[in-house]
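Written out below as structure tokens is the structure these notes cover.
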Amino acid sequence: MKNLNHDKSAALLERSKKVLAGGVSSEFRKYNYPHALFYTHGKGSRLYDVDGNEYLDFTLSQGPLILGHSNEELLQAIDEYSREGQLFAGQHIREIELAEKINKLVPSAELMRFSLSGSEAVQTAFRIARAKTGKHKFLRFEGHYHGWLDNVAWGLSIPEDKDLGSRSAPNVFPWTEGLPAHTRDEFEILPWNDLELVKQLLEKNHGEIAAIITEPIMCNKGCILPREGYLEGLRELCTQYNIALIFDEVITGFRIHLGGAQTYFNVTPDLSIFAKALASGYPLSAVAGTREWMDVVVEGRALHAGTMNSGNAPVAAALATLSILERDQPHDRMFAYGQKLKKGIQSAAKKYGHNLLVTGPGPMLCMGFTDQTEIHDFRDTLTFDTGKLKKLIAALNQEGVRVIGRGLWYISAAHTEADIDHAIQTIDRVLSNFDH
51 MKNLNHDKSA ALLERSKKVL AGGVSSEFRK YNYPHALFYT HGKGSRLYDV DGNEYLDFTL
111 SQGPLILGHS NEELLQAIDE YSREGQLFAG QHIREIELAE KINKLVPSAE LMRFSLSGSE
171 AVQTAFRIAR AKTGKHKFLR FEGHYHGWLD NVAWGLSIPE DKDLGSRSAP NVFPWTEGLP
231 AHTRDEFEIL PWNDLELVKQ LLEKNHGEIA AIITEPIMCN KGCILPREGY LEGLRELCTQ
291 YNIALIFDEV ITGFRIHLGG AQTYFNVTPD LSIFAKALAS GYPLSAVAGT REWMDVVVEG
351 RALHAGTMNS GNAPVAAALA TLSILERDQP HDRMFAYGQK LKKGIQSAAK KYGHNLLVTG
411 PGPMLCMGFT DQTEIHDFRD TLTFDTGKLK KLIAALNQEG VRVIGRGLWY ISAAHTEADI
471 DHAIQTIDRV LSNFDH
């Protein structure tokens with residue numbers, strides 16, 4: 051096993067802690083291996099740190115870098131448009147061009163508004179749903195991530211498995227201290243992938259539910275696909291009860307298909323959230339929806355604003371990203387590479403007797419140590435041995451293969467078949483010496 055040195059990163063982290071809270075600007079950067087690391091540059095599928103270590107990168111900066119690191123065509127487009135201005139407090143031509151392209155690609159995107167982050171766009175969607183329906187709550191699902199703001203920072207973790215409560219009446223715990231207690235009153239929550247539970251709840255409470263929000267693929271925990279008919283069932287129920295169906299496509303958008311998961315599954319929501327891959331790492335998000343639902347924004351009934359919205363650089367990045375994806379059509383290759391990686395990991399685990407489950411469609415995968423052969427919701431992921439997974443992620447990182455700490459792999463358009471082969475060889479080598 052390699053013995054990568056991280057001394058320079060360690061020294062920079064100590065320096066950083068004197069001026070940045072915890073030494074980082076996002077909490078989960080603390081949990082890199084062996085600590086928060088400092089990087090110098092990235093190119094294609096590779097990332098480099100201040101100690102000179104090279105990593106085959108499957109984190110893609112938590113997903114946004116669908117074209118890989120430092121795509122030259124992307125950077126040139128950003129540079130050229132940024133030289134014409136940074137931010138106008140007004141409209142510009144490429145903002146229209148970007149919206150027109152999204153409108154062409156995404157079924158639900160008749161009208162849209164741009165913001166900076168997925169967290170902002172989620173809250174905009176809630177506001178639209180409340181304004182149109184006159185109702186005040188939303189229904190969400192255990193383990194689904196919809197940003198870090200107060201009213202969605204619940205139901206992402208539990209103290210112990212025994213604290214879950216029943217499937218029809220789950221216990222809900224705050225993700226962090228500092229949440230106002232009243233934010234718990236803004237939503238109902240259920241286990242995902244169980245349409246009968248949704249039906250039962252809506253029969254009683256549809257008069258107060260303005261929206262149902264879901265990841266169309268449960269990417270935050272386990273990369274779990276919806277059961278057959280589940281998304282279609284949500285669509286029917288929302289239509290029946292005048293409820294907004296919101297797809298949080300922050301991860302799936304433009305990654306699973308150019309038209310998002312809604313095209314992949316052929317289910318059109320009322321509102322959709324896009325971010326991450328939309329602008330290849332630049333701060334841009336969108337709430338997009340049918341004209342019927344977005345008219346409350348058009349009419350000014352649901353206010354949306356933001357000084358930094360639609361700056362030149364992020365818009366140029368998004369337009370270049372979607373144009374490159376549309377031209378190069380890398381999705382079939384990303385699916386094929388993901389499936390090859392999945393089979394390679396499973397084969398190595400079986401060879402060395404490890405209960406390592408790999409889930410996901412291909413462009414994103416998740417692995418976890420569990421005796422279960424299938425997982426369908428957040429509760430199933432609680433069978434994962436998180437301590438063992440942490441050791442595996444650390445061992446892979448030490449071998450120069452970078453994977454997100456919860457076992458999540460992203461495939462980019464920059465990954466090659468040789469990269470996939472290298473990753474499979476590495477995980478085979480690591481698992482051959484890994485404790486059961």
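Residue 51 is where the sequence shown starts when you use this note's numbering, and the numbers rise one by one after that. For every residue, glycine included, the Cβ atom is placed at its ideal position computed from N, Cα and C. All values derive from a computational prediction rather than experimental measurement.
Taking the Cβ atoms as the reference, W198 lies roughly 6 Å from S169, within the contact range of under 8 Å. DSSP lists W204 as the bridge partner or partners of P224.
F419 sits buried, since 16 or more C-beta atoms from the chains shown fall within 10 Å of its C-beta. Residue environment: T90 is assigned as exposed (fewer than 16 neighbouring CB atoms within 10 Å of its CB, all protein chains considered). Taking a 10 Å sphere around the C-beta of L70, we find fewer than 16 other C-beta atoms and assign the residue as exposed. With a threshold of 16 other beta carbon atoms within 10 Å, A355 falls short and is exposed. Apart from the 5 residues on each side of it in sequence, S462 sits with its Cβ closer than 7 Å to the Cβ of S95, L110, L115, I116, L117, G118 in its chain, given in chain order. Residue state for F315 is assigned as coil, using DSSP reduced to three classes. In this structure, the straight-line span from the alpha carbon of L407 to that of T466 is close to 24 Å. Contact between I146 and A336 does not hold, since the beta-carbon distance rounds to 13 Å and is not under 8 Å. For the 8 Å CB-CB criterion, L166 and N362 do not form a contact.
Nearest in C-alpha terms to S218, of all of E246, W459, A231, H196, is E246. Comparing alpha carbon positions, the residue from M417, Y332, G450 closest to F164 is Y332.
When secondary structure is reduced to three states using DSSP, C273 falls in the coil class, being assigned neither helix nor strand. Looking at the DSSP output, I306 shares a beta bridge with no other residue. Counting only the Cα atoms, D320 lies some 9 Å from R341. When beta bridges are read from the DSSP output, M384 appears opposite no residue. Annotation for E449: M51, K52, T476, R479, V480 place their beta carbon closer than 8 Å to its own, counting only its chain and skipping 5 residues before and after. Q312 sits close to V156, with the two beta carbons spaced by under 8 Å. It is roughly 9 Å from the alpha-carbon of M384 to the alpha-carbon of M414. Take the alpha-carbon of S59 and the one of K80: they are about 12 Å apart.
Ranked by Cα distance from A370, the first of Q126, A386, D213 is Q126. Counting of Cβ neighbours within 10 angstroms places D485 among the exposed residues, the total staying below 16.
Closest in alpha carbon position to A367, among F304, K400, I128, E104, is I128. Of the candidates A445, Y387, M417, the residue whose Cα lies closest to the Cα of A464 is Y387. Residues G361, N362, A363 of the same chain have their beta carbon placed closer than 8 Å to that of Q136, with the five preceding and five following residues left out of the count. For the pair F297 and S322, the CB atoms are nearer than the 8 Å cut-off.
Judged by pairs of C-beta atoms under 8 Å, the region 279-294 touches the region 228-245, as three or more such pairs exist. The beta strand (DSSP E) runs lying completely inside the region 316-388 and spanning 3 residues or more are 321-324, 335-339, given in chain order. Of W459, A159, I293, the smallest CA-CA separation from G184 is found for I293.
For A261, the secondary structure class from DSSP, reduced to helix, strand or coil, is strand.
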